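**Q** This structure is in structure tokens; I'll ask about it shortly.
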Amino acid sequence: MVEIVTSRFGPLEIPDEDVLTFQAGLIGFSQHTRFSLLGGGRGLGYEWLQSLDDGNIAFVVVQPGLIKPDYHIQIQDDALHEIEFQEGDDVVVLSIVTIPPNEPEKATVNLQGPLIINATRNRGKQIILNESFPIRYPLNSAKPEVEQEVENPAQTAVNT
Amino acid sequence: MLILTRKEGEGIRLGDDIRIVLVQLRGNQVRLGIECPKNMRVLRDELYQAVCKENLAAMAADPTHVPDLTIHILPQTSNDSPNP
């Protein structure tokens, strides 16, 4: 059990089985190796990745496929090794959301540096993809066009 | 920081299995050749810095704004149904 006082969610008690270990921390936050996902069931939308080493540090994360259905990434072997991946493990890809202060309508999602989490073994890692993806992909690019009928049939086909 | 002077065609070695060669000098650019183990990630430094900077920016997120973001979630068409 990890007990921590957070700036956003007050005091938390996280059972050991919900503690995710990021051996290398997040990029720029190498000293933070323990995190937990808070809120929302998987696939339901946004969650918080709360640092258990510093209560002030938390990130909004989302499954990138919910924002950009054609987002497919290749995870390199060394990264899989670091999250102790073994055949049959459940791996989740999450992207960090950046919400500019007081401008939630300008929120973006980082598709270049996703998090990969081995949910079976509670290991995570932030990777930087070799292929080029937007670091600031606007969340509202996923919003279906309701007012203007500009939806591209080819795009719909990709969703299937 | 260790600084070494190299000419075109010359290189350096880091440990036993990393070799970096100055392949070509062209105006204000140099072309580097890198030989290293396959499982070693090689990244342009500015990409690493950009992700680092984005993480810092993302840390400032305000919980009151998160519910506003749910409109951006696309309806799920795949077969992986949400957990109960």
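In order, the protein sequences belong to chains A and B.
With the first letter of the first sequence counted as 1, position 37 gets the number 37 in our numbering; the numbers rise by one all the way through.
With the first letter of the second sequence counted as 1, position 5 gets the number 5 in our numbering; the numbers rise by one all the way through.
The beta-carbon is built from N, C-alpha and C at its ideal position, and this holds for glycine as well.
On a predicted model such as this, the values are computed, not experimentally measured, just so you know.
#1: Going by C-alpha to C-alpha distance, which of Leu-32(B), Arg-13(B), Tyr-48(B), Ile-18(B) sits closest to Lys-38(B)?
#2: Does the separation of the CB atoms of Val-97(A) and Ile-117(A) fall below 8 Å?
#3: If you reduce the DSSP assignment to three classes, tell me which class Leu-2(B) lands in.
#4: Can you pull the chain B neighbours of Leu-139(A), defined as C-beta to C-beta under 8 Å?
#5: In whole angstroms, what separates the C-alpha of Gly-43(A) from that of Gln-112(A)?
#6: Less than 7 Å between the CB of Glu-84(A) and some heavy atom of the ligand ADP, yes or no?
#7: Listing by chain order, which chain A residues have their CB less than 7 Å from the CB of Asp-45(B)?
#8: Which class does Val-97(A) belong to by DSSP, given the choice of helix, strand or coil?
#9: I need the boundaries of the alpha helix (DSSP H) containing Lys-106(A), first residue and last residue.
#10: Considering only the beta carbon of each residue, do Phe-59(A) and Leu-38(A) sit closer than 8 Å?
#11: Can you name, in chain order, every residue of its own chain whose Cβ lies under 7 Å from the Cβ of Val-51(B), other than the five neighbours on each side?
#12: Are three or more beta carbon pairs between the region 99 to 109 of chain A and the region 125 to 138 of chain A nearer than 8 Å?
#13: Name the residue from Ser-7(A), Asp-77(A), Ser-36(A) whose alpha carbon lies nearest to the alpha carbon of Asp-16(A).
#14: Suppose the cutoff is 8 Å on Cβ atoms and the five residues either side in sequence are ignored; what does the same chain contact list for Ile-57(A) look like?
#15: Taking any Cβ of chain A, which residues in the region 44 to 66 of chain B have a Cβ under 7 Å from it, in chain order?
#16: Can you pull the chain A residues whose beta carbon is under 9 Å from the beta carbon of Arg-41(B), in chain order?
#17: Assuming contact is defined by CB atoms lying nearer than 8 Å, are Arg-44(B) and Asp-78(A) in contact in what I supplied?
#18: Count the other CB atoms within 10 Å of the CB of His-72(B); is the residue buried (16 or more) or exposed (fewer)?
#19: For Asn-79(B), which residues from the same chain have a beta carbon less than 6 Å from its beta carbon, with the 5 sequence-adjacent residues on both sides left out?
#20: Flag this pair as yes or no: are the beta carbons of Leu-94(A) and Gln-63(A) separated by less than 8 Å?
**A** So, to answer that:
#1: Ile-18(B)
#2: no
#3: coil
#4: Leu-69, His-72
#5: A caution first: Gly-43(A) carries a pLDDT of 45, below 50, which makes its placement in the model unreliable, though a value can still be read off. One C-alpha to the other measures close to 20 Å.
#6: As far as ligands go, the structure on display features none, and thus does not contain the ligand ADP.
#7: Going along chain A, no residue has its Cβ under 7 Å from Asp-45(B), so there is no contact; the nearest lies around 11 Å.
#8: strand
#9: Run containing Lys-106(A): none; DSSP gives neither H nor E here.
#10: no
#11: Closer than 7 Å at the Cβ level, and outside the excluded window around Val-51(B), lies no residue.
#12: yes
#13: Ser-36(A)
#14: Phe-29, His-32, Gln-50, Ser-51
#15: Residues passing the 7 Å Cβ filter: Leu-47, Tyr-48, Ala-50, Val-51, Cys-52, Glu-54, Asn-55, Leu-56, Ala-57, Ala-58, Met-59, Ala-60, Ala-61, Asp-62, Pro-63, His-65, Val-66.
#16: Gln-76, Asp-78, Ala-79, Ile-127, Ile-128, Asn-130
#17: no
#18: That one is buried.
#19: With a pLDDT of 46 at Asn-79(B), under the threshold of 50, the modelled position of that residue is not reliable, and the figure given next carries that caveat. For Asn-79(B), where only same-chain residues beyond five positions count, there are no Cβ hits under 6 Å.
#20: yes
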